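Only one structure is covered here, and it is reproduced in the block below.
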Amino acid sequence: MHTHVFARLARSVARANGMPTTRQAFVPQPVVGRSTEELRAYVDGEDPVNGGPFMQHVIEGLTNPLQDEDLAGMSFDRSAPRLLDPDTEESLQQRFAEERWTDFLPVVLPTEERVAQMLAGTSRALDEVVGRMRPTAFREFWEFTVEKVAVNAVMAGARPEYLPVILAAMASGMTARSSSTTSFSTIAMVNGPIRDEIGMNSGIGAFGPYNHANATIGRAYSMASQNLQGGSTPGETYMGSQGNSYAYSAAFAENEERSPWTPFHVQHGFDADTSTVSLFLGGWYTQFGTIRDDTWKERFRGQLAACDPFIGPIVALDPLAANKLVEYGFDTRENLVDWLAESSLRPAREYWDNQWMQTLVRPWAVLGQEPFATYLKAEPDEPVQTFRPQDISVVVVGGETGGTYKLIAGALRDSIVSIDDWR
Amino acid sequence: MPEKLTVHDPRGFPPQVAGKPLAPRLQSLDGRTLYLVDCLFDNSDAFVDQLHAWFTEHMPGVEIKRIAPRESWVDDPEMCAAIQQDGDAAVLAVGL
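As given, the protein sequences belong to chains A and B, one line each in that order.
Following numbering that gives the first Met the number 0 from start to finish, the first sequence increments by one per residue and tops out at 422.
Following numbering that gives the first Met the number 0 from start to finish, the second sequence increments by one per residue and tops out at 95.
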C-alpha cells in the first residue's frame, strides 16, 4: 500500500526487482498528519491510482488467481552502450537534456578525446570499479567505473587535475542526489594539500560561484551521482518535494591556513599531508550569524533550537568568527563542538513532534538505544539535548571580510575519503 | 553539414534484473491469518489501525495479526520468519 504520489516510483521499484505485476493499492497523499477519521475515509474510499474501492484492490490483490506473467516475473538487461551513435552537437545537447543526463545547464559533451584527457588526471585504470550508488535505500545499487566518473566530470566542465577529488567523492557511495522527500543535498569539503594544487577557494566567496574548481567539482559530483546511480527523475528516482539548490554544486575547501584549530580531517584521524573530501548529507536548512560579545551564546542557542532535530549542523565559521571563539576559551574545535551539543536544548515534545524523528529515531528509542530511550520517557516540556557531539561539525571557511558564520544541515556518515588514493 | 561527434554514454551500470514469481494467492481469506505490516513511517500505525478495523467489521473470519520491523528501512529477518511461519498472507502499509 502506497500513497498516490509514489505510484510511479512504486511501480518502477517493482519492475527493477523483477516483479512488475506486484499488487499495489493506493490511498491519497498524505498519511502524515491525518486524523483517525480521515484515515478511515482513505480505507473506505477510492483508490486514486487504480480507480474503484481501495479495499477491493487489497482483497483482489490477495485472492485473485495469478496469470502467466505473474509467475514469470520479468527479466531484462538495461545495459547501455559505451558510446552513443554519432550525432551533431546540437542534437546531442538536446538528447542529453531530454534524457535527463544534465542539470539543465549546458554541458561539455563527453567526446572520446575529452574523456581520455580527463583520465590523465588519475593513475587508476579506466575500467576499475569505483563504487556503487543508489538514490535511496529502497532502490537497487548501480555500479560505475573510473571512466564513467570521468565522463561526468567532462560534462560538468571539470579539469583533469580535479578528477581524484571527484573519484573520492563518488567512491564514498554517498549520493549527492538523494531521492528523499526532504530534498537532501550533499555538501563536499576538501582538506589537505590538493586544495592549493588545484586552486580551490577557501576564502572570499568559497560557498559561491567564484572559483572554477569549487564550481565544477561540486557540479561533477552531483551530475555523476545522478547518472551513475540510475537517474534522478522527479516522481520516479527523485521525490524531494521542494528540491535543493545545493544540489547544483556544493563544494568548498577548508581555510586551514587561517583556522585557529587543527584541520578538520586531522581532527578525524588523517595526517595533515593527506588530502581528503568530507561529505555531509543534508542541506535542509541554512542559518546565518555574526559573533557579538554580549549575545553570542543566546544566538547560538536559538539557532540550534531552530535546526531540524534529525540532521545536525555544519557550523561553518569565517576565520574571524573562529578566532573570536578562541578568545572566549574554545582553544580546540572539540571544546566548541561539545559546548554546541550541550547548548542544543529543546522541549521533548518538540524534539519528537517531527516526521523523521518519529519514522527513523523513535524505533531506536523503543529498542532501548540511548539517549533516545531516555528522551522518549521525558515529560513533554522537559528539555532534551537535540544533538550529540558527533552530530555537529565545526569547519572554518571564509575570507575574513566579516566575522560571520553559517549553520548548514549536514551529517557525516563515515564519509571522509582519502583523495590521494585516487590520484 | 554539421560535424557529427561520438560521445560517451554517461550512465552507470545497472544490475541485471531476474524475474521473480509472485507468491501464490489464496482462494479466500476466510479462516486465514493475514499480517498487517506497519512500515513505521510517521502515522502509519494509525492507518493500520483503520485497516485492522475494516477487516474486523467487514471480514471477521480473517484473523488479523499486527507486526512491525525493529527499525525503519532495515530488513528484519525475524519479522519475515514470523510471517512465513504462521501467516497466510501479508500486506505492507503505508508510505508517507
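Using N, Cα and C, we set each Cβ at its ideal position, and we do this for glycine too.
Please read all numbers here as calculations on a predicted model, not as lab measurements.
Query - glycine 301(A) (DSSP reduced to helix, strand or coil) - result: On the first sequence, position 302 is the one that residue 301(A) refers to. Helix at glycine 301(A).
Query raised in the report: Does the Cβ-Cβ distance between leucine 4(B) and leucine 91(A) come in under 8 Å?
Result: Against the second sequence, residue 4(B) aligns to sequence position 5. Against the first sequence, residue 91(A) aligns to sequence position 92. A contact, by the Cβ cut-off of 8 Å.
Report task. Taking lysine 19(B) as the query, report the chain A residues whose CB atoms sit under 8 Å from its CB, ordered along the chain. Result -> On the second sequence, residue 19(B) is found 20 positions in, with the first residue counted as 1. Chain A residues near lysine 19(B): Asn16, Gly17, Met18, Gly72.
**Report entry** the segment 26-51 of chain B: positions lying closer than 7 Å to chain A by Cβ
**Finding:** Closer than 7 Å at the C-beta level to chain A, one finds these residues of the segment 26-51 of chain B: Gln26, Ser27, Leu28, Leu39, Phe40, Asp41, Asn42, Ser43, Ala45, Phe46, Gln49, Leu50.
**Report entry** Separation of phenylalanine 183(A) from alanine 410(A), as counted between CA atoms
**Finding:** The sequence position of residue 410(A) within the first sequence is 411, counting from 1. The sequence position of residue 183(A) within the first sequence is 184, counting from 1. Distance between the alpha carbons of alanine 410(A) and phenylalanine 183(A) is about 11 Å.
Query raised in the report: Which term fits arginine 387(A), buried or exposed, when burial requires 16 or more other beta carbons within 10 angstroms of its beta carbon?
Result: As a working note, residue 387(A) is residue 388 in the first sequence. Exposed, by the Cβ-count rule.
Query - Same chain, Cβ closer than 6 Å to arginine 194(A), five either side skipped, listed in chain order - result: On the first sequence, position 195 is the one that residue 194(A) refers to. Cβ within range, chain order: Ala252.
Requested in this report: Starting from the beta carbon of alanine 92(B), find every residue of chain A whose beta carbon is closer than 8 Å, and list them in chain order.
Outcome: As a working mapping, residue 92(B) is identified with position 93 in the second sequence. Per Cβ cutoff of 8 Å: Met0.
**Report entry** 8 Å contact criterion, which glycine 11(B) and phenylalanine 103(A) should meet: CB distance rounded
**Finding:** Looking up residue 11(B) in the second sequence gives position 12. Looking up residue 103(A) in the first sequence gives position 104. About 20 Å separates the beta carbon of glycine 11(B) from that of phenylalanine 103(A), a gap too long to meet the 8 Å contact definition.
Report task. Tell me whether methionine 91(B) sits in a helix, a strand or coil according to DSSP, three-state version. Result -> On the second sequence, residue 91(B) is found 92 positions in, with the first residue counted as 1. A small correction: the amino acid at residue 91(B) is leucine; methionine does not occupy that position in the sequence shown. Note: leucine 91(B) maps to strand in three-state DSSP.
Requested in this report: Report yes or no: do three or more beta-carbon pairs, one from the segment 395-405 of chain A and one from the segment 266-280 of chain A, lie closer than 8 Å?
Outcome: Too few Cβ pairs lie closer than 8 Å, so no.
Query - Ranges of the beta strand (DSSP E) found wholly within the segment 307-342 of chain A, counting only runs of at least 3 - result: Within the segment 307-342 of chain A, the complete beta strand (DSSP E) runs of at least 3 residues are 312-316.
Query - For isoleucine 391(A) and alanine 340(A), the rounded distance between their alpha carbons - result: Within the first sequence, the letter at position 341 stands for residue 340(A). Within the first sequence, the letter at position 392 stands for residue 391(A). The alpha-carbon atoms of alanine 340(A) and isoleucine 391(A) are separated by roughly 7 Å.
Query - Cutoff 6 Å; reference tryptophan 363(A); Cβ partners in own chain excluding five residues on either side - result: Counted from its first residue, the first sequence places residue 363(A) at position 364. Excluding sequence neighbours, tryptophan 363(A) sits near Phe371.
Query raised in the report: How far does the alpha helix (DSSP H) with serine 221(A) in it reach, from first residue to last?
Result: Here the question's residue 221(A) lines up with position 222 in the first sequence. Counting along the chain, the alpha helix (DSSP H) containing serine 221(A) begins and ends at 211-227.
Requested in this report: Can you check DSSP and say which residues form a bridge with valine 132(A)?
Outcome: Position 133 of the first sequence, counting from 1, holds the residue named residue 132(A). Position check: residue 132(A) holds methionine in this sequence, whereas valine was assumed. According to the DSSP secondary-structure assignment, methionine 132(A) is paired through a beta bridge with Trp141(A).
Query - Nearest residue (CA-CA) to leucine 335(A), options Met188(A), Trp295(A), Val153(A) - result: The residue given as residue 335(A) occupies position 336 in the first sequence. Of the candidates Met188(A), Trp295(A), Val153(A), the one whose C-alpha sits nearest the C-alpha of leucine 335(A) is Trp295(A).
Query raised in the report: Mind checking if tryptophan 363(A) is an interface residue toward chain B, Cβ cutoff 8 Å exclusive?
Result: Here the question's residue 363(A) lines up with position 364 in the first sequence. With 8 Å as the cut-off, tryptophan 363(A) counts as an interface residue toward chain B.
Query - Cβ neighbours of aspartate 380(A) in the same chain (closer than 8 Å, five flanking residues each side left out) - result: Taking the first residue of the first sequence as position 1, residue 380(A) is located at position 381. The answer, listed in chain order, is Pro346, Ala347, Arg348.
Query raised in the report: Where does arginine 81(A) land, buried or exposed, given buried means 16+ other C-beta within 10 angstroms?
Result: Start at 1 with the first residue of the first sequence, and residue 81(A) comes out as number 82. Arginine 81(A) should be labelled exposed.
Requested in this report: Say whether chain A places a C-beta atom closer than 8 Å to the C-beta of glycine 86(B).
Outcome: Stepping through the second sequence from its first residue, residue 86(B) is reached at position 87. Output row for glycine 86(B): interface = no.
Report task. Please state whether DSSP places threonine 232(A) in a helix, a strand or coil. Result -> Your numbering for residue 232(A) matches position 233 in the first sequence. Collapsing the DSSP output to three states places threonine 232(A) in coil.
Report task. Thinking glutamate 431(A) and alanine 15(A) are a contact (beta carbons under 8 Å), I'd like their distance in whole angstroms, please. Result -> This structure does not reach residue 431(A), given that chain A is present from 0 up to 422, and the question cannot be answered.
Query raised in the report: Is there a Cβ from chain A that is less than 8 Å from the Cβ of glutamine 15(B)?
Result: Position 16 of the second sequence holds residue 15(B). Among the CB atoms of chain A, one or more fall inside 8 Å of the CB of glutamine 15(B).
Query raised in the report: Checking contacts by CB at 8 Å: is arginine 69(B) closer than that to chain A?
Result: For this step, residue 69(B) is matched to residue 70 along the second sequence. With 8 Å as the cut-off, arginine 69(B) counts as an interface residue toward chain A.
Requested in this report: Starting from the beta carbon of glycine 11(B), find every residue of chain A whose beta carbon is closer than 9 Å, and list them in chain order.
Outcome: Looking up residue 11(B) in the second sequence gives position 12. The contacting residues are Ala79, Arg131, Met132, Trp141, Glu142, Phe143, Thr144, Lys147, Ala223, Asn226, Leu227, Gln228, Gly229.
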